Every structure is written in structure tokens, then in C-alpha cells.
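Sequence order for the protein chains is G and F.
Here this note's numbering is used: the first residue of the first sequence is 64, the next is one more, and so on.
Here this note's numbering is used: the first residue of the second sequence is 579, the next is one more, and so on.
I have placed the structure first, in the form of C-alpha cells, so that the comments after it can refer back to it.
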Amino acid sequence: MPKRVAIVGAGMQKYEFRKEQTVEEMVFDVARNALENSHLSKDDIDSVVFGSAVDAFCGINNSDKVAIDASGGLLKPTMRNSTSGSTAISTPILGYTHVASGMHDLVMVLCYEKMSENDSAQAVFNTVYDEAFVRPIGLNVPIQCGLEARAYLHKYGITERQMAKVSVKNRGNALSNPYAQLPMKLTVEDVLASPYLSWPVKLLDTSPVTDGARALILASEDVARELTDDPIWIKGVGRGADSVWFMGRQNKDLGKLDYAYLAVFFFQAKAGIRDPMAEIDYAEVYDPFTYKEMQHCEAMGLCSEGGAGRMIDEGISLKDGPLPVNASGGLQGEGNPIGAGMSRLCWCYLQAKGQAGACQVPKDVNNAVANGWGGMYQYNAVMVIGRD
Amino acid sequence: MAKKKAVLSIDGEIQINYKWSVGKAGDRFFTELRDHKKIMGTKCRQCGRVLVPPRIFCEECFVEDMEWVEVEPRGTLLTFGESYFSTDGKRLKEPWMLGIVRLKGSDGGLIHLISESRPEDLKIGMPVEAVFKNKPEGNIMDILYFRPANN
Ligand SMILES: [Zn+2]
């Protein structure tokens, strides 16, 4: 049986394009912030787990090496995790296993990404594709999203207008987030009028290129109870990965993400959640593109399959709605430093603790869920946290 | 508000050339494509699935028990996308198009360029066919593109 694990602190900083801090300085910034917020010193931490997606973004291989000193990890057991965008949640899952196994009592999870110092993030993304069969075709992220979004809209009758409403919601929510890179007050018409990258994905359906870092501190049950009267537990984790050959996967239509549903099946089983729509109070959903928030809401059971359009039409996922999604602004409004998308989980924690400031939703948050997505559009990682 | 002074930066570049093995399965696939304009897949003798792109093993049965089969140079358009940007990020006047094609006789398919059509001519589920290069070289661009076909 895994031991219980709680989140006891988060470290935040502003997300920006062309951040002046180096990777090392960003890591130090959030590590110190997380220690201060949890009233711990670096010597209390047993182990540090790092996450970042692709070193080619920052152009420095093994970029985690500088995070050792800067996280307070000197001469401690440290390791780095990397599963592209889903690093955002697979890294805290790795930290969770360090504590749930009984190996360590206090583990820092530190995710960072410096994306904006290369001259083409798209050229970096292109190096992820298969070298013999896919890369020569010239596939890039916008057109791959077009392929996937077209299949999704075709399968479920979702509209561009419904996608646009997600952008308006998330960028609007970011106006309350002091760490946000791209807060914007938009109308649906603004989004619909922005240029197409690849139908149905438009410029304002996407997230920006971002530098930034986040930290979380995880504690064993005994230590968590010493630190706080109100621990926020990790109640369930799940991961699912499909084949990178997206032209011949088990889910033949590309509109429904079998691997994402699978990840959720695992976390629901572990967290004992039967009816996410009734039992989840708050969600931070991985939204690099508007339609991805919609697909992930469906996969996580936050709405019915094919029901994400209705969910946004009816205002269910608005900040003051019955099941708010991305009140922080999400990746669209806060910024999308791939591996440091762990911010989604940080905001779930802050919402549960009532520490989300102007982003706080007007309801009690006892159960919250966050996901991370990436790899070759085939890896989903999910974590649900909350009170007993 | 006065703009604060930016910290210094230094310029750098990483330029490394590679020579990638296409592997045992890729060698047969690209050789047949170059020499005979044939699209080949590997069929798992246990579950019967035909893999394109081919592999020397079946990931579901987890065995290396495959035979080579020819698949048809035509199939069904599963989805498609047009892009108004080149892959190096330049804005384009005319879009270019990619599609995912489920090849007839296989359980997989190829992602490839779609041409001789405009986005409004394309529909999910329509038949498409491969157009081959005249002087093939043994790589995936020996298929120039797919185009709409008659049923
Ligand atoms: Zn098989």
C-alpha cells in the first residue's frame, strides 16, 4: 500500500517571454519561495525531483544539472523527469512515489522551462517527430493541432465559437493572476477574427512561448500533520500513453483520446471518485489550445463525452460557475512553459487552501484535479488532490 | 514607466549533422518504395494486424513474428489540416495541406502532403491516392503527395 502524501507548499514566479533570469536563477526563485511558504529550510528537504521537457528549447543539455545547487539539492538524491508537456504532472507523480514508497519524508518537485531564447520554438518541436516517416513531410505543431481538432470537431459537433469562449474565459481569468504572461480582455468575435494557424485553430486559440518555473513540496503523513492542521492530500494519480504512431492507433478516429480516458480511469480508482462532475470542485486543465481544454474536460469526466461545448456555453467552467476550470488563466492566459505547466497543480493546491488571491473561486474547494498532456500527442498524466 | 535595462545576453548556435539508420523495417520499406513504387507493411502472424509504417515486431502481441505484405497506394482520409505557416514559421499566402491516410489493406497509414485540391474540396472519410516521384531516392518523399481519388 502506498503511504499517504500531502502537498505542503508551492513556489511561484511570474511567467514571461524572454525572462532575464537563467534556468538556475528561476529555479532558485521558486525553490526559495516554496520553502518560505511551507516554513521549511533547504536542509529539511530529503530529495529533489526536477522536470523539464526538451533541452533543445534552452539549448543547454542536461539543464537539470544547474538546478541541483539552485534548488537546495546539493549532495542529496536528485533526478530529472521528462515526458514532454505531460512532464507538468508526471514529475509531481514521480515526487509522489518518492514519498508514497516510504523512501523520503519531504520531497521538492521543481519544474522549469526556458523556451524563448531559441529563434524558433517550432523548429525545436519539429525535432520531436519521427526522423524517417514524419519529419521530412514538414509537420509542425499548429498543423498537427489542426489535424486533431478537425477530427474532434467532426466527431462531436463542437464549434469554433465554443472554442473561442474557452480563450475568452482563460485569458480573462488571467487578469486576476499576478504571475500571468498574457492576460487579455477579449470577446468571442476577437478570437474568431484572429488569423488561422490551421483550421479550426486560430492564433487566439493557442498559448504563448514562455519562460518560468514552479515548485511544490510534498510531505509524508506524519510530517504533513506537524506542518499543518489542514493537509491537502494527493488522493489519486493516473497516467496513460498511446503509441507515437498517431496514424495507426487503437483510437482510430483521433477525435477521442483513449489514453487520456485511461489515465483518468486510474486516478478515479485510486481516489475513490465515482462521479467527477459531482465530486470535483475545481479543475486546472491542460489547455495549450482551446480544444485541448475541451477534450481533457471530457476525458476527465468533468462533462459528458462530446459535452465540452455545452459545458462552456452553459458557463459551467467559468470562475463563478459550478465547476470552474482554469481560474488562474490556464496555459493560455498564464503562459505555457511546457514542463513548468505544473502550475496547473500549484493552482489546484492554492485554490484548495484558499490562497489563490484574486483568482480564488467563490466556493469551497475540497477536491481538485489537474492534468498534463504531451509527448507525441499521446501522453496524459492526472492528479487529484484534496481533503479527507 | 521607464523601460528597465535588459541584462546582457550572448549569442550561440548548435549545428550538428546526423546520419540516422532507418532500421531493418525501414530499410525494406524504403527500398521497395524506391525500386518498385510499392508501399509495404508488416503483418503480425498472431493478431493479423498490418502495420504501416512497418515494424519488425507487434507491440500488442509483443512478438517478432511478422511477414511482409504489399498494401494499396490508396486509402481513406482520416483527417486533414491546412497550414498558413511554413515549418520555419513564415506566413504563407496559400495554405499547404497535410492529411492522415489509412491505407487500404493496412491497420495503419501515413501522414503526408495532400495536393491537387483545395481545403474546401476535402472531406473526412473521402478516398485518396498516392502520387509517386518519377526518380525515387529511397525516402518518404518518394511519395510526392496524396490526392482525392475516385472510389
Ligand atoms: Zn500482433
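We put the CB at the ideal spot given by N, CA and C, even for glycine.
Computed from a predicted structure; not experimentally measured.
Environment of ligand 1, chain-ordered: 622/F, 624/F, 625/F, 627/F, 636/F, 638/F, 639/F, 641/F, taking every residue with Cβ within less than 7 Å of a heavy atom. At a cut-off of 8 Å between beta-carbon atoms, residue 76/G makes no contact with chain F.
Residues of chain F whose Cβ lies closer than 9 Å to the Cβ of residue 179/G do not exist, since the nearest Cβ in that chain is about 11 Å away. What residue 653/F touches in chain G, judged by beta-carbon distance under 7 Å, is nothing: the nearest beta carbon there is about 10 Å away. At least one beta carbon of chain F lies nearer than 8 Å to the beta carbon of residue 310/G. Contact between residue 233/G and residue 372/G does not hold, since their C-beta atoms are separated by about 16 Å, which reaches or exceeds 8 Å. If the five residues before and after residue 642/F are omitted, its C-beta is found closer than 7 Å to the C-beta atoms of 634, 635, all from its own chain and listed in chain order. Chain F has a Cβ within less than 8 Å of the Cβ of residue 185/G. Within the same chain, and ignoring the five residues on either side of residue 244/G in sequence, the residues whose Cβ sits closer than 7 Å to its Cβ are 78, 79, 80, 271, 273, 397, 398. Boundaries of the alpha helix (DSSP H) harbouring residue 285/G: 284-290, taken from the DSSP string.
In the three-state DSSP reduction, residue 339/G falls in the helix class (H, G or I).
Residue 628/F sits close to residue 649/F, with the two beta carbons spaced by under 8 Å. Ranked by Cα distance from residue 70/G, the first of 268/G, 294/G, 100/G, 201/G is 294/G. Contact between the segment 137-144 of chain G and the segment 422-434 of chain G is absent, with fewer than three C-beta pairs closer than 8 Å. In this structure, residue 723/F sits near residue 692/F, with a CB-CB distance shorter than 8 Å.
Taking a cut-off of 8 Å on C-beta distances, the segment 338-348 of chain G touches the segment 431-445 of chain G, as three or more cross pairs fall below it. At a cut-off of 3 residues, the continuous stretches assigned as beta strand (DSSP E) that sit fully inside the segment 292-328 of chain G are 295-304. Residue-level contact by beta carbon holds for residue 205/G and chain F, with a gap shorter than 8 Å. Among the bridge pairs identified by DSSP, residue 388/G is matched with 346/G.
Assignment of beta strand (DSSP E) within the segment 70-114 of chain G, counting only whole runs of 3 or more residues, yields 110-114 in chain order. DSSP places residue 640/F outside any beta strand (DSSP E), giving it a letter other than H or E. Judged by their CB atoms, residue 404/G and residue 148/G are nearer to each other than the 8 Å cut-off.
Around the beta carbon of residue 366/G, 16 or more other beta carbons sit within 10 angstroms, so the residue counts as buried. In the displayed model, residue 704/F falls within coil according to three-state DSSP, outside both helix and strand. With contacts defined by Cβ atoms closer than 8 Å, residue 660/F and residue 402/G do not form a contacting pair.
Within chain G, the residues whose beta carbon sits less than 9 Å from that of residue 604/F are 195, 196, listed in sequence order. Taken through DSSP and simplified to helix, strand or coil, residue 216/G comes out as helix.
Using beta-carbon distances, residue 122/G counts as an interface residue toward chain F, with a partner under 8 Å.
The three-state secondary structure of residue 608/F, taken from DSSP, is helix. Three or more Cβ pairs drawn from the segment 110-122 of chain G and the segment 179-194 of chain G lie within less than 8 Å of each other, which places the two stretches in contact. Taking the Cα of residue 257/G as reference, the smallest distance to any Cα among 249/G, 267/G, 378/G, 263/G is reached at 267/G. Rounded to whole angstroms, the separation of the alpha carbons of residue 166/G and residue 94/G is 21 Å. Residues of the segment 633-661 of chain F that bring their beta carbon within less than 8 Å of a beta carbon in chain G comprise 637, 656, 657, 658, 659, 660, 661, in sequence order.
Under the Cβ criterion of 8 Å, residue 629/F is counted among the residues facing chain G.
Pairing residue 709/F with residue 362/G, the inter-Cα distance amounts to about 38 Å.
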